[in-house]
Amino acid sequence: MDNMTDEAPVLIAGGGLAGLSAAAFLASHGIRSLTFERLTASSPLPRAAFFHMRTLEMFRSIGIEEAVRSQSEKEFVPDGAIIAMDTLSGRKLADIIPNLNEGVDALSPCRRLFLNQPSLERILRNCAHEGGATIVPGAEIVDVHQDSTGVNLTIRKASDGRRHDVRGDYLIAADGAHSRVRAALGIDYEGRGAFSNSLTIYFTADLAPYIGDNPWSLIYVNNPTLRGFFRLNRAATAGFLGVNVVGDPQLDADAAVNAATDLSESRLIELVRAGVGKRDLPVRIDGYSRWRATANVASKLQDGRVFIAGDA
Ligand SMILES: Cc1cc2nc3c(=O)[nH]c(=O)nc-3n(C[C@H](O)[C@H](O)[C@H](O)COP(=O)(O)OP(=O)(O)OC[C@H]3O[C@@H](n4cnc5c(N)ncnc54)[C@H](O)[C@@H]3O)c2cc1C
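And the structure:
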């Protein structure tokens with residue numbers, strides 16, 4: 025941090041999808057930015073994957089569409105389908121989107137695609153770097169103040185806990201759903217609130233026999249044990265199951281939307297097997313994460329020289 029630049033026209037809080045995108049697009053306009061990311065290494069969790077035409081059009085404008093598309097083809101079947109099944113090995117309930125681009129491909133020269141979030145973040149980070157942006161990992165924003173001419177941030181370095189002040193003309197708050205910047209500015213959320221306390225289970229299991237040659241990219245499952253969705257690697261040997269609802273909401277609505285109460289390995293294996301529809305399926309649990317499905321929006325997206333972006 026001692027050698028770190030301590031000013032830039034634009035400061036960015038958070039080096040996730042929104043922060044890295046902001047850094048890359050600002051760089052394409054020749055605007056220098058300084059991004060602070062609390063984590064020392066980016067999150068390996070796959071999270072977002074479905075990217076729309078307008079996003080790809082924007083990526084084309086900064087020269088990364090081709091890199092995004094070729095990485096997508098390594099991870100997903102091109103033009104894959106979004107379907108609903110009772111279980112992965114069971115009965116198809118609906119073709120939600122039978123082919124990702126069918127019916128919309130005349131609307132744009134760019135095509136919708138799937139790409140795991142860590143891969144997209146890597147491409148955006150490289151693009152931002154090449155354009156002259158500075159991204160500082162292991163740097164947590166602990167305080168924010170603005171005045172009529174700029175914004176001051178206090179940064180705490182993860183490696184030694186030391187604090188450092190930086191100043192910019194503007195700040196983009198892209199520090200995620202629990203945004204400290206948004207809270208510091210006293211900006212509330214408005215909206216429906218949480219729908220469910222959801223669970224994502226990362227696992228390894230041979231699901232190729234159930235996927236076969238089907239071009240499925242996102243598979244919703246809906247059965248008496250759970251409602252959720254599978255996203256798998258191209259070989260269908262590993263992936264994750266997102267679980268939004270467990271059991272029957274008619275019988276116990278509270279329990280149904282709290283999928284993440286029992287996180288024992290045996291319960292996680294039971295849920296994966298229920299999603300696949302195979303009671304004896306060999307499954308290795310690689311990890312899990314808890315998250316809330318929430319429909320909220322900040323009550324304002326700008327406060328003076330600070331702009332709120334992404335999940336913040
Ligand atoms: C299982 C799952 C599946 C999903 N699928 C999709 C999908 O298909 N399509 C879709 O559009 N979205 C999807 N999402 C949501 C998507 O992942 C988020 O909307 C996206 O990550 C938001 O990006 P962001 O940059 O705003 O926030 P984040 O990705 O949360 O990034 C915020 C960053 O700020 C950092 N940070 C936080 N506080 C500080 C601080 N004080 N100082 C410095 N840094 C800080 C964090 O470490 C983090 O890296 C999914 C999410 C999950 C969990």
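For the record, in the sequence shown the residue sitting at position 71 is 95 according to the numbering used here, with numbers rising by one throughout. For each residue, glycine too, the CB sits at the ideal point set by N, CA and C.
- Burial check for Ser-94: the Cβ neighbour count within 10 Å stays below 16, so the residue is exposed.
- DSSP lists no bridge partner for Tyr-234.
- For Thr-224, the distance from the CB to the nearest heavy atom of ligand 1 is below 7 Å.
- Spanning the alpha carbons of Glu-214 and Ala-118 requires a straight line of approximately 33 Å.
- Here the distance from the Cβ of Ala-201 to the nearest heavy atom of ligand 1 is below 7 Å.
- An exposed status is given to Phe-219, since fewer than 16 other beta-carbon atoms sit within 10 Å of its beta-carbon.
- Taking 7 Å as the cut-off, the C-beta of Leu-124 does not count as close to any heavy atom of ligand 1.
- Contiguous beta strand (DSSP E) elements confined to the segment 179-224 occur at 187-197, taking only those with 3 or more residues.
- By the 16-neighbour rule on beta-carbons within 10 angstroms, Val-321 is exposed.
- In this structure, Thr-158 places its C-beta atom within 8 Å of the C-beta atom of Leu-58.
- Under a 10 Å Cβ-count criterion, Asp-237 is classified as exposed, with fewer than 16 other Cβ atoms of the shown protein chains found around its own Cβ.
- Shortest gap from the CB of Ile-165 to any heavy atom of ligand 1: under 7 Å.
- Residue Gly-210 holds the alpha-carbon nearest to the alpha-carbon of Leu-325 among Ala-232, Thr-285, Gly-210.
- Short of 8 Å from the beta carbon of Ile-88, and not among the five residues preceding or following it, lie these beta carbons of its own chain, in chain order: Ala-48, Ile-147, Leu-148, Cys-151.
- With a minimum length of 4 residues, the unbroken runs of alpha helix (DSSP H) contained wholly in the segment 94-168 fall at 141-154.
- The C-alpha of Thr-261 lies about 15 Å from the C-alpha of Pro-70.
- Your pair Leu-295 and Leu-275 does not check out as a contact, with CB atoms roughly 18 Å apart and the cut at 8 Å.
- In the three-state reduction of the DSSP assignment, Val-92 falls in the helix class.
- Between Met-77 and Ser-132, the gap from beta carbon to beta carbon is short of 8 Å.
- With distances taken between CA atoms, Asp-189 lies nearest to Gly-174 out of Gly-174, Phe-254, Ala-198.
- For Thr-59, DSSP records a beta bridge to Ile-36, Ile-159.
- Remark: the shortest separation between the CB of Leu-41 and any heavy atom of ligand 1 falls under 7 Å.
- With contacts defined by Cβ atoms closer than 8 Å, Leu-139 and Ala-73 form a contacting pair.
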